[in-house]
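Chemist: Per my numbering: the sequence shown = residues 2 to 89.
From the three backbone atoms N, C-alpha and C, an ideal C-beta is built for every residue, glycine too.
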Amino acid sequence: RDALARGARSVAIAAHLGRPGGSRADHLSLERLRLPIERAVGRPVRFVGDCTGEAAAAACAAPAQGSVLLLENLRFLPGEEAGPGTPA
Numbered sequence: 002r003d004a005l006a007r008g009a010r011s012v013a014i015a016a017h018l019g020r021p022g023g024s025r026a027d028h029l030s031l032e033r034l035r036l037p038i039e040r041a042v043g044r045p046v047r048f049v050g051d052c053t054g055e056a057a058a059a060a061c062a063a064p065a066q067g068s069v070l071l072l073e074n075l076r077f078l079p080g081e082e083a084g085p086g087t088p089a
């Protein structure tokens, strides 16, 4: 909310939850956070079911003024949980 109030065109939220081992685990999807975030920021939040790839790139490339995007759990990416010193 603060970033938008200060003039940001939009906000994209990228986060991680749990340790699904680099594969999709529906119970760890960030989609369930969409409504609580909407209540917190006081505006609609668009959930994007991926955090990389065409859908995420398209959503982030030309967001509507004042929009809030919630990207899917970063931990669903293979290699995201690589050990220290190892590129994920």
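1. Taking 6 Å as the limit between beta carbons, can you name the residues of its chain near Arg47, skipping five residues before and five after?
2. Based on the DSSP secondary-structure assignment, which residues constitute the bridge partners of Leu70?
3. Figure out for me which residue from Arg35, Leu31, Ala62 has the closest Cα to the Cα of Leu75.
4. Please state whether DSSP places Gly19 in a helix, a strand or coil.
5. Kindly indicate the opening and closing residues of the alpha helix (DSSP H) around Cys61.
6. When you compare the segment 16-29 with the segment 54-64, are there three or more beta-carbon pairs, one atom per stretch, that lie closer than 8 Å?
7. Please state whether DSSP places Pro79 in a helix, a strand or coil.
Modeler: Put simply:
1. Leu70
2. Ala13, Arg47
3. Leu31
4. coil
5. 54-62
6. no
7. coil
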